[in-house]
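In terms of the UniProt record's numbering, the sequence shown opens at residue 1 and continues consecutively. All C-beta atoms, glycine included, are put in the ideal place defined by N, C-alpha and C. What you are looking at is a predicted structure, and each value in this text was computed from that prediction instead of being measured.
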Amino acid sequence: MREQQLSSYQRSKGGHLIPKYGNKMYHGQLEEHLEEHLEEHLESGYRISEEKLEQRDEYSTDTRGRQSVAETDPSVASVELGRARSVTVRHCDNPAARTRRFCDTCCVFCPSIKRHSSVDCYSDNSKAVRDGTVSVVFEYEEYQKHLVFFQHENSTEMYVGGTDFVLRLDTDDYHIKEILTLKTTGNQLCEKGPCENVITVIEKFYDGLFVCGTNGHKPQCWKLLPSVNNQSHEIVESYEGTGISPLMYTQNSLSLTVDGDLYAAAPMDSDRRSLQFRRRAGRRNNVWMYENWLSEPTLISVSWVKQNEDPDNEKIYLFFRENNSDHRPDADPWISKVARVCKVDKGGSKRFFQNMWTSFLKARLVCGFPEESLYFNHLQDIYVTPDDDWQKTRVYALFSSSWNFTAVCIYSVGMIEKIFESSTFKGYSENIPNPRPGKCVKDSMNLPRTTITVVKDNPEMTDWVHSVHYTAPFYTSSIKYTRIAVDQVQAVDHVYNVLLLATDSGKIHKILEAGSEAFIISETQLSYNSTLQSMKLDSKQKKLVVGFSEKISIMDLRTCQDYNNSCADCVLARDPYCAWTEVGCTPTVPGGIQNVLDGQITVCSLSAEEEMQVNQTKQETDSSTPVHSVPLGVPFYLSCPIDSYHAVYTWEHRNLSSPCLQMQSNCLHLIPAMAQENYGIYECVSREKDYTKVVKQYQLSQQTIAKTKMESNTPSSINYASAAVSQTLLVILGLSVAFSNL
1 MREQQLSSYQ
11 RSKGGHLIPK
21 YGNKMYHGQL
31 EEHLEEHLEE
41 HLESGYRISE
51 EKLEQRDEYS
61 TDTRGRQSVA
71 ETDPSVASVE
81 LGRARSVTVR
91 HCDNPAARTR
101 RFCDTCCVFC
111 PSIKRHSSVD
121 CYSDNSKAVR
131 DGTVSVVFEY
141 EEYQKHLVFF
151 QHENSTEMYV
161 GGTDFVLRLD
171 TDDYHIKEIL
181 TLKTTGNQLC
191 EKGPCENVIT
201 VIEKFYDGLF
211 VCGTNGHKPQ
221 CWKLLPSVNN
231 QSHEIVESYE
241 GTGISPLMYT
251 QNSLSLTVDG
261 DLYAAAPMDS
271 DRRSLQFRRR
281 AGRRNNVWMY
291 ENWLSEPTLI
301 SVSWVKQNED
311 PDNEKIYLFF
321 RENNSDHRPD
331 ADPWISKVAR
341 VCKVDKGGSK
351 RFFQNMWTSF
361 LKARLVCGFP
371 EESLYFNHLQ
381 DIYVTPDDDW
391 QKTRVYALFS
401 SSWNFTAVCI
411 YSVGMIEKIF
421 ESSTFKGYSE
431 NIPNPRPGKC
441 VKDSMNLPRT
451 TITVVKDNPE
461 MTDWVHSVHY
471 TAPFYTSSIK
481 YTRIAVDQVQ
491 AVDHVYNVLL
501 LATDSGKIHK
511 ILEAGSEAFI
521 ISETQLSYNS
531 TLQSMKLDSK
541 QKKLVVGFSE
551 KISIMDLRTC
561 QDYNNSCADC
571 VLARDPYCAW
581 TEVGCTPTVP
591 GGIQNVLDGQ
601 ITVCSLSAEE
611 EMQVNQTKQE
621 TDSSTPVHSV
631 PLGVPFYLSC
641 PIDSYHAVYT
651 WEHRNLSSPC
661 LQMQSNCLHL
671 IPAMAQENYG
681 IYECVSREKD
691 YTKVVKQYQL
701 SQQTIAKTKM
711 ESNTPSSINY
721 ASAAVSQTLL
731 VILGLSVAFS
741 NL
């Protein structure tokens with residue numbers, strides 16, 4: 001309760017009395033005082049109802065202001081947080097908010113959820129739900145240990161796998177169409193842990209759905225076919241799932257379907273042994289890896305790159321990290337690599353390398369500063385953006401480092417293939433045989449033994465795969481990112497790539513790829529005390545589906561209402577999802593006003609109607625300037641909201657300018673003790689590029705306190721402070737609470 005009240009106090013807007021610390025007010029002292037001051041007056045008898053505070057409880061905030069997100073370091077690039085707006089979602093860590101009464105009004109999931117015992121939901125008519133920033137929030141009754149998302153290409157359905165169930169969602173409006181129950185079956189090995197079926201694999205397989213789970217430490221797979229009317233699925237077959245699903249959800253695994261073939265990698269036992277990437281089922285024969293090719297790998301992602309003009313030359317790319325063979329004390333224990341196999345690979349002949357990949361090659365994936373020999377070696381996540389020209393297909397790789405920085409490096413599949421096709425083989429000094437090892441051939445069973453032997457003994461390339469920017473990562477930060485997705489957005493003039501980075505603290509950063517530079521558009525907090533389990537981009541609907549241990553959030557990427565104040569605000573946001581039109585800042589349409597690459601507001605021409613709107617807004621601002629009557633000698637502070645991390649904020653008073661003290665998403669101006677020169681008009685002004693605006697305006701006037709009979713034995717300043725503090729408490733909490741004894 002105290003944290004909730006303090007949060008409201010710190011987010012208060014306007015002028016407030018503060019205590020005096022000698023002749024100075026320090027940032028830390030102010031924050032400490034706010035907590036002590038509020039607690040003191042609540043203990044004096046002023047009580048705010050739990051219900052009122054719950055209504056003000058903030059679950060997610062999107063802030064804009066000037067703030068560095070990377071520590072200053074000569075070896076790494078520093079960036080700054082971008083434009084964002086306030087986003088509010090109910091604080092559902094509060095158990096009082098988890099009631100089914102919310103399901104009766106707003107939550108689109110509820111009709112289906114009520115039929116299932118392990119899931120629940122909440123909704124809210126807070127700002128976030130109204131403005132569409134977080135369009136739907138779906139909460140489980142029990143925390144989920146593991147979530148897996150699946151959406152087939154061009155499909156309007158998304159599947160979510162959890163513990164003992166699979167949800168089928170309609171992505172047109174994100175409601176649940178079906179809940180499939182898949183509990184443990186057969187003879188499980190439950191003595192090794194909870195007897196539950198954690199879903200780990202969901203793939204489209206021929207005309208049905210292929211689902212696998214841990215099944216009480218005895219992996220099992222099910223084939224599900226849709227009913228005639230497509231309203232439900234039915235289980236038609238089940239399979240033993242060892243090597244496709246891990247025995248435990250905490251074990252590393254991955255899967256992919258390509259042209260009716262299932263590719264998978266999962267430990268064969270509880271000790272993580274035999275983690276091999278295999279073609280496990282389908283039209284082609286089963287093929288697996290040679291046991292010496294990888295050293296204690298952690299598999300990150302697998303992707304199929306199509307070549308429409310030459311399908312027999314298509315490859316499947318495997319991204320992973322493995323033990324570093326360099327054991328020097330200063331060497332990183334892990335290094336990141338990319339491997340690939342040919343889709344048409346059948347394995348070797350019966351006499352040599354039967355049912356083993358004959359096209360497997362691997363190379364080191366480099367992300368860092370080569371000139372300083374400084375590298376990010378810990379691969380975290382991968383996102384691949386396809387292109388009609390397969391060589392221009394891009395790989396966005398998220399890395400972490402031993403010095404607690406993260407980086408994004410971008411690679412092209414064409415550059416990766418160039419290494420595999422032209423580099424020498426590490427540790428191999430003889431003439432390279434023909435056909436070249438790793439080359440895709442229609443019948444790998446007829447490859448000469450010399451070619452396969454090189455693949456068997458020396459599959460690694462001597463040359464490294466560098467990023468398209470080569471000398472440095474595309475983006476670096478001290479923020480700990482864990483997931484990445486990349487959306488390709490059609491703007492008015494061009495197609496732009498927008499990176500969506502998830503942090504370990506439940507935030508989503510929306511970052512524009514502006515040539516070789518990164519520009520942070522916004523930051524949205526979706527969760528505070530929850531683990532991110534999975535993330536899926538729905539590019540068609542422009543939604544980001546984020547799975548946490550207790551809920552699923554669907555985030556709208558077209559938050560144009562956040563920049564709706566003016567054409568300049570809309571353009572400065574540099575958000576390719578949004579453009580300025582006659583009706584304001586809206587999702588991008590042909591003819592809209594944008595300047596995504598540079599954010600130059602010169603594209604905003606003020607028509608007569610726009611001038612009228614601006615003048616009208618200014619008049620409304622002037623007429624609504626709050627007036628505060630403050631006596632001499634009293635400490636006071638003013639605050640205004642920070643609208644952009646790329647703007648510089650100052651306080652203007654009597655032709656003098658002073659910088660603001662930033663606290664959370666507010667710009668503060670502190671007055672240690674009111675004097676005659678402190679009265680008058682104050683303006684909070686933001687300046688960004690060539691755009692200047694008054695964000696907030698206040699007028700301070702002198703107040704004279706008349707003594708009363710009751711004050712004869714009490715100093716007037718103390719009486720004033722008591723009444724004023726009580727009044728301030730009302731302003732801060734923003735609640736319509738009547739106090740009878742002020």
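- In chain order, Lys-145, His-146, Val-198, Thr-200, Thr-214 place their CB closer than 7 Å to the CB of Tyr-249, counting only its own chain and leaving out the 5 sequence neighbours on each side.
- Shown here for Phe-376: same chain residues with a beta carbon closer than 6 Å to its own, the five before and five after excluded, namely Cys-367, Gly-368, Phe-399, Ser-401, Ala-407 in chain order.
- Shown here, Asn-446 sits in a helix according to DSSP, grouped into three states.
- Note on Ala-331: under 16 other CB atoms within 10 angstroms of its CB, so exposed under the neighbour-count rule.
- By a beta-carbon distance limit of 8 Å, Thr-503 does not contact Thr-524. Their separation comes to about 11 Å.
- Taking a contact as a CB-CB distance under 8 Å, the pair Ser-605 and Val-137 does not count as one, their CB atoms being some 40 Å apart.
- Spanning the alpha carbons of Pro-437 and Leu-209 requires a straight line of approximately 36 Å.
- Taking C-beta atoms as the reference points, Pro-641 and Tyr-698 fail to come closer than 8 Å.
- If you draw a 10 Å sphere on the C-beta of Tyr-637, you find 16 or more other C-beta atoms in it, and that means buried.
- In the structure shown, Ser-303 falls within a strand segment according to DSSP collapsed to helix, strand and coil.
- Around the CB of Thr-242, 16 or more other CB atoms lie within 10 Å, so the residue is classed as buried.
- Every alpha helix (DSSP H) of 4 residues or more that sits fully in the segment 366-446 is shown, in chain order, as 413-422.
- With a threshold of 16 other beta carbon atoms within 10 Å, Asn-434 falls short and is exposed.
- With respect to the 8 Å criterion, Tyr-577 and Pro-590 are not classified as neighbours on the basis of their beta carbons.
- In this structure Val-465 is not in contact with Trp-390, their Cβ atoms being roughly 16 Å apart against a cut-off of 8 Å.
- Contact between the segment 322-330 and the segment 410-422 is absent: fewer than three C-beta pairs spanning the two stretches fall below 8 Å.
- By the Cβ criterion, the segment 447-461 is not in contact with the segment 498-512, since fewer than three pairs of Cβ atoms, one from each stretch, lie closer than 8 Å.
- Scanning Asn-229, Gly-216, Glu-234, Val-228 for the CA closest to the CA of Trp-222 turns up Glu-234.
- Straight-line spacing of the CA atoms in Lys-551 and Tyr-143 works out to 8 Å.
- Apart from the 5 residues on each side of it in sequence, Glu-157 sits with its Cβ closer than 8 Å to the Cβ of Gln-151, Arg-168, Leu-169, Asp-170, Thr-171, Lys-177 in its chain, given in chain order.
- In the DSSP secondary-structure assignment, Ala-647 is not bridged to any residue.
- Here DSSP, grouped into helix, strand and coil, assigns Cys-560 to helix.
- Residue burial annotation: Leu-572 is buried, with at least 16 other C-beta atoms found within 10 angstroms of its C-beta.
- Annotation for Cys-195: no beta strand (DSSP E) segment contains it, and DSSP assigns it neither H nor E.
- Here the C-alpha atom of Ser-245 lies approximately 37 Å from the C-alpha atom of His-469.
- The segment 266-280 and the segment 249-258 touch, with three or more beta-carbon pairs separated by less than 8 Å.
- Judged by DSSP secondary structure, Cys-567 falls within the alpha helix (DSSP H) whose first and last residues are 567-572.
- If you compare the alpha carbons of Gln-594, Arg-687, Thr-602, Ser-701 with that of Gly-633, the shortest gap goes to Ser-701.
- Short of 8 Å from the beta carbon of Ser-238, and not among the five residues preceding or following it, lie these beta carbons of its own chain, in chain order: Thr-185, Gln-220, Cys-221, Trp-222, Lys-223.
- Rounded to whole angstroms, the separation of the alpha carbons of Ala-518 and Ile-511 is 6 Å.
- Per DSSP, reduced to three states, the secondary structure at Asp-312 is helical.
- Glu-513 and Ala-568 have their C-alpha atoms some 21 Å from each other.
- A Cβ-Cβ distance of about 7 Å is found for the pair Val-498 and Val-486, placing them in contact under the 8 Å criterion.
- Annotation for Ala-518: the continuous beta strand (DSSP E) segment containing it runs 517-525.
- Going by DSSP, Val-589 is part of no beta strand (DSSP E) at all; its letter is neither H nor E.
- CA-CA distance, Ser-516 to Asp-556, rounds to 26 Å.
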